[in-house]
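Student: Heads up: the first sequence runs through residues 0 to 638, numbered per numbering that gives the first Met the number 0. Structure below; questions to follow.
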Amino acid sequence: MATITLPDGSTLEMADGATAKQVAEKIGAGLAKAAIAAKIDGKLVDLNTPLRGTPRVQIVTPKDKEGLELMRHSCAHVMAEAICSLWPATKLVYGPTVQDGFYYDIDLDEPIRPDDFARIEAKMQEIVDANKPFTRKELSRQEALEELRNDKYKTDNIERVDSQVISFYSHGDNGFEDLCRGPHVPSTAKVGAFKIMSVAGAYWHGDATQKMLQRVYGTAWPTKKELDEYINRLEEAKKRDHRVLGKQLELFSFSEMGPGFAFMHPKGMIVWNEMLDFMRQMNRKYGYKEVRTPIILNEELWHRSGHWDNYKQNMYFTKIDEIDYAVKPMNCPGGCLLFKTTKHSYRELPLRMAEFGMVHRHEASGVLHGLFRVRQFTQDDAHIYCTPAQIESEIIGVINLIFETYKAFGFADFAIELSTKPEKHIGSDEIWETATNALKAALNHKKITFRINEGDGAFYGPKIDFHVKDCIGRSWQVGTIQLDFSMPQRFELGYVDEDNTEKTPVMIHRAVLGSLERFMGILIEQYAGALPPWLAPEQARVLTISEKSNAYAARVQETLGQADVRCGVDLSDEKIGAKIAKTHGEKIPYMLVVGPKEAEAGQVNVRIRGSQDTRTASVEQFLAVVRRKIADKATDLAF
RNA sequence: GCUGCUGUAGCUCAGCCGGUAGAGCGCGUCCUUGGUAAGGACGAGGUCAUGGGUUCAAAUCCCAUCAGCAGCUCCA
0 MATITLPDGS
10 TLEMADGATA
20 KQVAEKIGAG
30 LAKAAIAAKI
40 DGKLVDLNTP
50 LRGTPRVQIV
60 TPKDKEGLEL
70 MRHSCAHVMA
80 EAICSLWPAT
90 KLVYGPTVQD
100 GFYYDIDLDE
110 PIRPDDFARI
120 EAKMQEIVDA
130 NKPFTRKELS
140 RQEALEELRN
150 DKYKTDNIER
160 VDSQVISFYS
170 HGDNGFEDLC
180 RGPHVPSTAK
190 VGAFKIMSVA
200 GAYWHGDATQ
210 KMLQRVYGTA
220 WPTKKELDEY
230 INRLEEAKKR
240 DHRVLGKQLE
250 LFSFSEMGPG
260 FAFMHPKGMI
270 VWNEMLDFMR
280 QMNRKYGYKE
290 VRTPIILNEE
300 LWHRSGHWDN
310 YKQNMYFTKI
320 DEIDYAVKPM
330 NCPGGCLLFK
340 TTKHSYRELP
350 LRMAEFGMVH
360 RHEASGVLHG
370 LFRVRQFTQD
380 DAHIYCTPAQ
390 IESEIIGVIN
400 LIFETYKAFG
410 FADFAIELST
420 KPEKHIGSDE
430 IWETATNALK
440 AALNHKKITF
450 RINEGDGAFY
460 GPKIDFHVKD
470 CIGRSWQVGT
480 IQLDFSMPQR
490 FELGYVDEDN
500 TEKTPVMIHR
510 AVLGSLERFM
520 GILIEQYAGA
530 LPPWLAPEQA
540 RVLTISEKSN
550 AYAARVQETL
560 GQADVRCGVD
570 LSDEKIGAKI
580 AKTHGEKIPY
590 MLVVGPKEAE
600 AGQVNVRIRG
610 SQDTRTASVE
620 QFLAVVRRKI
630 ADKATDLAF
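What follows is the structure, given as structure tokens:
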């Protein structure tokens, strides 16, 4: 007999060798039907695994996170079989699950096209309808290597696992079999509602020198309804796409004349300047002075800074009067030159110098992506020159500044990473260790939990990276704090200490928004284009019922404009419904409907973006409310 | 940079088994003066990304280039 303990603590007596499936059947027909796998003593296994002794058993269904992944993985197998049957030359490489779905990397010279998806799906449906059992076969490592000696991909897969038992799964009678750790759903009927999503190239092992494989992406969900909801969610995310909204809302554009170089339009410039004004305010509050350094500087400078050796492939070069120059990819070397123009005393430290620096980086053509990845961008950069003793308090100061800033922009959720010494770096190991420890100390002091990102630091020093989470759960890297002992040495920066000796300062590089361009893109996606009043290009618009109220509308607009509210007016001879629809499309926070009634009473009828309700208020009342919303950086428009 | 897909009016897209272009939105003019998510009529607007090739004939087929999209690699 086997004594089975269930997750609720109850026990079941079963015959020795009974399967997990039988346990599910004993518990209930519903569970047995939903069951796709089991967990025995915490280990995920196939449903037909025999039970002995006194195991703890949990029946896994697609409702469990692990069950869902397992189901998707099984679905990947079904897709693999479908592809192999349609393209017999296919060599299977690797088919894991990913967030919301799965993919399978295949080696096949004939490209699979989106037109083929329907055929693949139809074939998959055949396999599903056949309701064939997944069966497991185990071989010794040696036997497995022998059996797959002609398959370099599968051989490689075996070599990458350390288990001595290698398992294979097959479903059906046509001999489809795939190396796989498992477990799997019991039969092909249990892979859920699926859809082929896309196909793209992917290097073998992510190595650009290796063969480009085809990666076919699919998704699978327990029910058709959930699949539809997922497709819906994707469409919703697409509506937030800052590239689409940027065009629609006339914020910015790109031209074939300059791939990766954004054009900021008048409305985009308003958002930009609001961001900039706010960051300047923060810089003043936290004791920064602002500077500006040249875009183009002599190539020699970049040799000295280490950029030539470590960053050359990302830089643009030019010649002026036969002399070699480089376009700056970072602001720090220029900042160092500025620091060196005068002699410094320890009394000046910490010296915090901010720069909204426009930098140019040659990014590979394939990585350009709206405002998120561009070749020219503006960093809200700063360099803090300080003594070693001041490092921790300075870093804490920057962290405070960063948190305050993100909150103001409406981000509540952050994640922090500490990146350590990369392969390409300058400076000794001791320096790196000291610097890394200093960053850790500051984070610990602030009681901040962080993740370590090995080998991902800047070439001149370790860094703390800040990620913000947007309202639909996506994470964006924005701010960074980098600690640098090398650049000050290379540039022979110095200050005179209390004891009248020359010392080398420590340099802290920091950016809060990171890139103004990227941050604007993030804001657009976060708010789906419906920016809070303080950032909105047009904060209110007066809509007239008919031209009888034009003069009054103009007066209202004038009054608001005088009070620094960005207010437009729609005097067109459209009907009010059309004007409201148009204003909604432009995502303007406040609509002020005025007709003879309002004109008579000196009022406006306020309609708030996203709401059907209206409310009449005097112009003064509305003005007071909107000014407070702007001042508070409110995201809630109601009043 | 690599692989695949795409490029037609300001925008979104149709046309693409070859016979020199169409819709909706937007824009302009006129009618309409209408009270809360799109009133009506008329009109203007396109070297069909660019350069070659095949053909009597190319938006349509082929090649190259450029750009965009998805992903890979890289990154703020």
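A virtual CB, placed ideally from N, CA and C, is assigned to each residue, including glycine.
Would you tell me roughly how many angstroms separate the C-alpha atoms of Val541 and Val511, rounded to the nearest one?
Tutor: C-alpha separation (whole angstroms): 36 Å.
Student: Suppose you measure from the CA of Ser254 to the CA of His264; what does that come to, to the nearest Å?
Tutor: About 13 Å.
Student: Is there at least one non-hydrogen atom of the ligand ATP closer than 7 Å to the beta-carbon of Ser610?
Tutor: Of ligands this structure carries none, so the ligand ATP is not represented either.
Student: Quick check: the Cα distance between Val603 and Leu248, rounded to an integer number of angstroms?
Tutor: Rounded to whole angstroms, Val603 to Leu248 spans 25 Å at the Cα level.
Student: State the DSSP-derived secondary structure class of Met70, mapped to helix, strand or coil.
Tutor: Note: Met70 maps to helix in three-state DSSP.
Student: Considering Cα atoms alone, identify which of Pro387, Gly333, Met78 is closest to Ser348.
Tutor: For the record, residue 348 in the displayed sequence is Leu; it is not Ser. Of the listed residues, the one whose Cα sits closest to Leu348 is Pro387.
Student: Measure the alpha-carbon distance for Asp455 versus Lys462 and round it to whole angstroms.
Tutor: Each residue's alpha carbon lies about 8 Å from the other.
Student: According to DSSP, which residues form a beta bridge with Ser186?
Tutor: Per DSSP, Pro132.
Student: Is it true that the CB of Glu354 sits closer than 8 Å to the CB of Val290?
Tutor: Their beta carbons are under 8 Å apart, which means Val290 touches Glu354 by this criterion.
Student: Please name the residue, chosen from Met78, Ala34, Thr53, that lies closest to Asp45 on a Cα-to-Cα basis.
Tutor: Taking only the C-alpha atoms, the option nearest Asp45 is Ala34.
Student: With respect to the beta strand (DSSP E) encompassing Phe465, which residues constitute its N-terminal and C-terminal limits?
Tutor: Start and end: 462 to 468.
Student: Out of Thr134, Arg135, Asp106, Pro132, which has the shortest C-alpha to C-alpha gap to Lys151?
Tutor: If we check each option's Cα against that of Lys151, Asp106 comes out closest.
Student: Where DSSP assigns a beta bridge to Met211, which residues make up the other side?
Tutor: Tyr202, per the DSSP bridge assignment.
Student: According to DSSP, is Trp307 part of a helix, a strand, or is it coil?
Tutor: It is helical.
Student: At what residues does the alpha helix (DSSP H) containing Cys335 begin and finish?
Tutor: Element bounds for Cys335: 331 to 338.
Student: Of the choices Leu534, Lys20, Gln124, Glu546, whose alpha-carbon is the least far from that of Ala407?
Tutor: Out of Leu534, Lys20, Gln124, Glu546, Leu534 has the C-alpha closest to the C-alpha of Ala407.
Student: May I ask which residues mark the beginning and end of the beta strand (DSSP E) holding Phe355?
Tutor: Per DSSP, Phe355 belongs to the beta strand (DSSP E) from 350 to 359.
Student: Using 10 angstroms around the beta-carbon of Gln556, count the other beta-carbons present and answer buried if the total reaches 16, otherwise exposed.
Tutor: By the 10 Å Cβ count, Gln556 comes out buried.
Student: At which residues does the beta strand (DSSP E) containing Arg239 begin and terminate?
Tutor: It is not in any beta strand (DSSP E) - Arg239 carries neither H nor E in the DSSP assignment.
Student: Comparing alpha-carbon positions, which option in Val618, Asp563, Val564, Ala539 lies nearest Ile579?
Tutor: Comparing Cα positions, the closest option is Ala539.
Student: Go ahead and label Pro293 buried or exposed: buried means 16 or more other beta carbons lie within 10 angstroms of its beta carbon, across all protein chains shown.
Tutor: It counts as exposed.
Student: Quick one: any contact between the segment 72 to 90 and the segment 114 to 132, if contact means 3 or more CB pairs under 8 Å?
Tutor: Short answer: they touch.
Student: Based on the DSSP secondary-structure assignment, which residues constitute the bridge partners of Asp260?
Tutor: Checking the displayed sequence, the identity of residue 260 turns out to be Phe instead of Asp. Its beta-bridge partners do not exist; DSSP assigns none.
Student: Measuring CA to CA, which of Lys237, Val605, Ser344 is closest to Glu524?
Tutor: Measuring from the Cα of Glu524, the nearest candidate turns out to be Lys237.
Student: Could you check whether Lys223 and Ala188 sit closer than 8 Å to each other, using their CB atoms as the reference points?
Tutor: No, Cβ-Cβ distance for Ala188 and Lys223 is not below 8 Å.
Student: In angstroms, rounded to a whole number, what distance separates the CA positions of Ile295 and Gly356?
Tutor: Roughly 12 Å between the two C-alpha positions.
Student: Measuring alpha carbon to alpha carbon, tell me which of Ile269, Lys90, Leu67, Arg55 ends up nearest Gly8.
Tutor: Taking only the C-alpha atoms, the option nearest Gly8 is Arg55.
Student: Thinking just about the alpha-carbon of each residue, which of Arg360, Arg135, Pro61 is nearest to the one in Ala219?
Tutor: For the residues Arg360, Arg135, Pro61, the minimum Cα distance to Ala219 belongs to Pro61.
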